[in-house]
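Positions in the sequence shown are counted from 1; adding 1129 to them yields the numbering used here.
Ideal Cβ positions, reconstructed from N, Cα and C, are used throughout, including at glycine.
No experiment lies behind these values; they were computed from the predicted model shown.
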Amino acid sequence: MMKNNNIHENTECKKNIDEIFDSELFKVLAEPIRCELIKYLAINGPSDISTISENFTQDRSVISRHLSQMHRLNILNKKKEARRIIYDLNAKDFLAKFEFVVDKIRLLINDCDS
1130 MMKNNNIHEN TECKKNIDEI FDSELFKVLA EPIRCELIKY LAINGPSDIS TISENFTQDR
1190 SVISRHLSQM HRLNILNKKK EARRIIYDLN AKDFLAKFEF VVDKIRLLIN DCDS
């Protein structure tokens, strides 16, 4: 009977871990160009799509799609200035998302380890 309980606990731990690593944050960061865009904005600060796309080999529409996906997750801020859209790294929310994941992993390690 004890063995079945461990199997159930392991299954529950696996499910919880899968949920963490299937999060939108990891899906967004799984695409290398998105990580490069985050680095670009962290180093260069707020930039419009034209300026950003000049620094990458991908088509402007592809860059724009990636920026929009990261904005939907609040990794990036977006504001309109006249006819330009300016993107900026939302560093506080970006860090908070990582801290949330780390906290969840710590809890799972404690739960799954016992």
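Setting aside the 5 residues that flank it on each side, Ala1211 has no residue in the same chain whose C-beta is closer than 8 Å to its C-beta. In the DSSP assignment, Arg1212 falls outside any alpha helix (DSSP H) and carries neither an H nor an E. Taking each of Asn1173, Asn1145, Thr1140, Asn1139 in turn and checking the Cα distance to Lys1233, the smallest one comes out for Asn1145. The way I'd put it, the segment 1223 to 1232 doesn't touch the segment 1172 to 1192; fewer than three beta-carbon pairs between them come closer than 8 Å. Counting only residues of its own chain and dropping the five nearest sequence neighbours on each side, Asn1203 has a CB closer than 7 Å to the CB of Asn1219, Asp1222. Apart from sequence neighbours up to five positions away, the residues of its chain that approach Lys1209 with a beta-carbon distance below 8 Å are Ile1215, ordered along the chain.
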